[in-house]
Amino acid sequence: MTQVTFTQADGSQVSVEANNGEHLMKLALDNGVEGITGACGGSCMCATCHVTVDSVTGELAGPGEMEAEILDMEVDEPQETSRLCCQVFVSSDIDSINVTVQEG
Amino acid sequence: MTGIVIIGAGHAGVNVAASLRKQDADLAITILSAEDQIPYHRPPLSKKAVFDEALPIELLQANGYYEKANIDLRLSTPVTSIDTAGQTVTLEDGTQLPYAQLVIATGTTLRAMPAPGGELAQGVYTYADIQYLGPRIQAANKIAVIGGGFIGCEVAAGALKMGKQVSLLITGPRALRKAVAPILGETVTKLHRENGMDVRTGCRVQEITPQGVSTDQGFVEADVVITGIGADANMQLAQDAGLHTQHGILVNEFGHTSAAHVYAVGDVAEFPYGFGDNKTTLRLESIQNATDQGAIVAANIVAERQQQEAKAYTPTPWFWSDQGDLKLQMAGLGSLDAEHKVLPGNTETTLTVVHLQDGEMIAVDTLNVPGNHLAGRKLLEMKKPITWAMIEDCDFDLKKLFKQLR
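Chains as they are written, first to last, in our numbering: chain A, -6 to 97; chain B, 829 to 1234.
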């Protein structure tokens, strides 16, 4: 199990335990996290699940080509830690991960 | 004041509801769905879910959202008629629901296979379809797919990736004949063949039997037969109510149908597109359309209620299709009549094709080049004339051109 914490725009947090293989966009939707839309259903085609990764305990793989392109082109001010959370998967390599929801 | 009734709980209908709720916390919103599932994403069904033993379902909104957002979602609740004069809809059990504004988001119905035995073939549109098909695909050795459009290609490529023996039967000369530039359709056809798919072009289906598909190119053995031969708008309700229809329910640029206070949105809506000589009406079956048109219609319902000016829907369409390891992405609305120019620098499995009409870029089709898709989409969204010379001047780098023009 991995502890995933979302910080929403108003500063409040949603913290959930996640199983291996789940992606953060689905977790966000399932737990009513504000500001995550996921318009394309996790197909890495839109930018409505933008987060910044504040901290990770463990190993998190970096963004793939498509995700990097979307962050570069679709997000107004991408940060170094920007991710599309439909592409951030929980795994046994990650004990906990904290992210902040960003504007699409 | 009575509230909003939305017929249909696909991507468009649910998006209208969610957008309305964001703009007005108190508005009464009812969604009527003929299906028995909490609303879900359709694209993954044919791209991945049907091949996964777990048959995963991706919900559009989390379970519990509708209660929390105070949206009255009624599942298994088909509508039998609309009375636009009395502003009511009638449900199967005779209940009449009044509306202040009505949104028709009834989507499409898959075309049935017209050949004898057509009922033995199954399409992929609803979650119920993959509940039926999923276990049968798992158990099958040989699979025949009829239709070389996006859905047919996605299902065929996905089954091939599972290790099944797959035949793809296409009446036209190549896969994706109507959907993408010819060279891309030819490339995709070639790549599927190289992966071991039995792609039969110019192939006419004569009959479907429990043993397979009989065609003018011989008998194709199959344990499961799947069709992807297109879909038609669900507009009977609208027609019965006297709304103007053509290939879909006709709407103006604001999403208004021919009846007052009645909107149509998503796959079922036929809307004006383009300018000048190229002005036409069209119906788009896509997530982009359901999302963007849904947001506009929600805004225009609020505008109507507050007697403000409506916003026009002027989309830059985009589409995607995942076929095994091939990712196709289309920005803009391509045309077979356009001039098709290939950007240099491709590998065996990548391609970028620019559609030029009267010398200006109208669409960009890509295969496994996400950066060019996004750059193409951004360039088209600017709605400025882009010529081949401009692309050439930027060393065929669409991203560079976008960053220059931005």
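Note that the Cβ used here is the ideal one computed from N, Cα and C, for glycine as well. Owing to the predicted nature of the structure, the values given are computational and were not obtained by experimental measurement.
Beta strand (DSSP E) containing residue i: first to last residue?
| i | result |
| --- | --- |
| Q929(B) | 929 to 932 |
| D1193(B) | 1188 to 1195 |
| E1098(B) | 1097 to 1101 |
| N1080(B) | First-last for N1080(B): undefined, no H or E at that position. |
| K970(B) | 970 to 974 |
| I859(B) | 857 to 860 |
| G51(A) | 43 to 51 |
Taking only beta-carbon positions, decide if residue i is within less than 8 Å of chain A.
| i | result |
| --- | --- |
| I1115(B) | yes |
| H1084(B) | no |
Roughly how many angstroms separate the alpha carbons of residue i and residue j, rounded to a whole number?
| i | j | result |
| --- | --- | --- |
| Y1091(B) | A837(B) | 15 Å |
| T954(B) | R870(B) | 7 Å |
| A1059(B) | N13(A) | 37 Å |
| G1104(B) | V917(B) | 38 Å |
| N1200(B) | T1178(B) | 11 Å |
| G790(B) | A985(B) | The question about residue 790(B) has no answer here: the residues shown for chain B are numbered 829 through 1234. |
| I1054(B) | V973(B) | 5 Å |
| L20(A) | C79(A) | 9 Å |
| S8(A) | V(-3)(A) | 6 Å |
| G34(A) | G1122(B) | 16 Å |
| E1081(B) | N969(B) | 49 Å |
| P801(B) | A2(A) | No answer is possible for residue 801(B): the residues shown for chain B start at 829 and end at 1234. |
| G1162(B) | E1113(B) | 14 Å |
| A943(B) | L996(B) | 16 Å |
| E1209(B) | D852(B) | 29 Å |
| A1138(B) | H1084(B) | 10 Å |
| K1227(B) | V1192(B) | 13 Å |
The alpha helix (DSSP H) with residue i in it runs from where to where?
| i | result |
| --- | --- |
| T1015(B) | 1010 to 1022 |
| D1221(B) | 1216 to 1221 |
| T1119(B) | 1115 to 1133 |
| K1169(B) | Careful: K1169(B) lies outside any alpha helix (DSSP H), inside the beta strand (DSSP E) at 1167 to 1170. |
| G1204(B) | 1198 to 1209 |
| N1106(B) | N1106(B) -> no alpha helix (DSSP H), and no H or E assigned at all. |
| M18(A) | 17 to 23 |
| G986(B) | 978 to 989 |
| V7(A) | That residue, V7(A), is in no alpha helix (DSSP H); its beta strand (DSSP E) goes 6 to 11. |
From the beta carbon of residue i, is the nearest beta carbon of chain B less than 8 Å away?
| i | result |
| --- | --- |
| A54(A) | no |
| E10(A) | no |
| I29(A) | no |
| S36(A) | yes |
| L22(A) | yes |
| C33(A) | yes |
| E62(A) | yes |
| G14(A) | no |
| G4(A) | no |
| M(-6)(A) | no |
| G51(A) | no |
In the structure shown, what three-state DSSP assignment does residue i receive?
| i | result |
| --- | --- |
| E107(A) | For chain A, the structure presents residues -6 to 97; residue 107(A) sits outside this window and is missing. |
| F1230(B) | helix |
| H869(B) | coil |
| E1176(B) | coil |
| L938(B) | strand |
| S904(B) | coil |
| G1046(B) | strand |
| Q924(B) | strand |
| S1149(B) | strand |
| I885(B) | coil |
| Q80(A) | helix |
| N91(A) | strand |
**Asked** If you measure beta-carbon to beta-carbon, which residues of the region 990 to 1016 of chain B are closer than 8 Å to chain A?
**Response** Within the region 990 to 1016 of chain B, no residue qualifies.
**Message:** So if I threshold CB-CB distances at 8 Å, which residues from the region 69 to 96 of chain A count as touching chain B?
**Reply:** Those residues of the region 69 to 96 of chain A placed with their C-beta closer than 8 Å to a C-beta in chain B do not exist.
**Request:** Report the residues of the region 1202 to 1218 of chain B with a CB closer than 9 Å to any CB of chain A, ordered along the chain.
**Result:** L1202, A1203, R1205, K1206
**Asked** In chain order, what residues of the region 1169 to 1203 of chain B put their CB closer than 7 Å to some CB of chain A?
**Response** Per Cβ criterion, the list reads P1198, G1199, L1202, A1203.
**Residues in the region 886 to 914 of chain B having any Cβ partner in chain A nearer than 9 Å** = E886, L887, L888, Q889, A890, N891, G892, Y893, K896
**Message:** Beta carbons nearer than 9 Å to chain A: which residues of the region 865 to 877 of chain B have them?
**Reply:** Y868, H869, R870, P871, P872, K875
**Prompt:** For the region 1118 to 1146 of chain B, which residues have a CB atom closer than 7 Å to at least one CB atom of chain A, in sequence order?
**Reply:** Per Cβ criterion, the list reads T1119.
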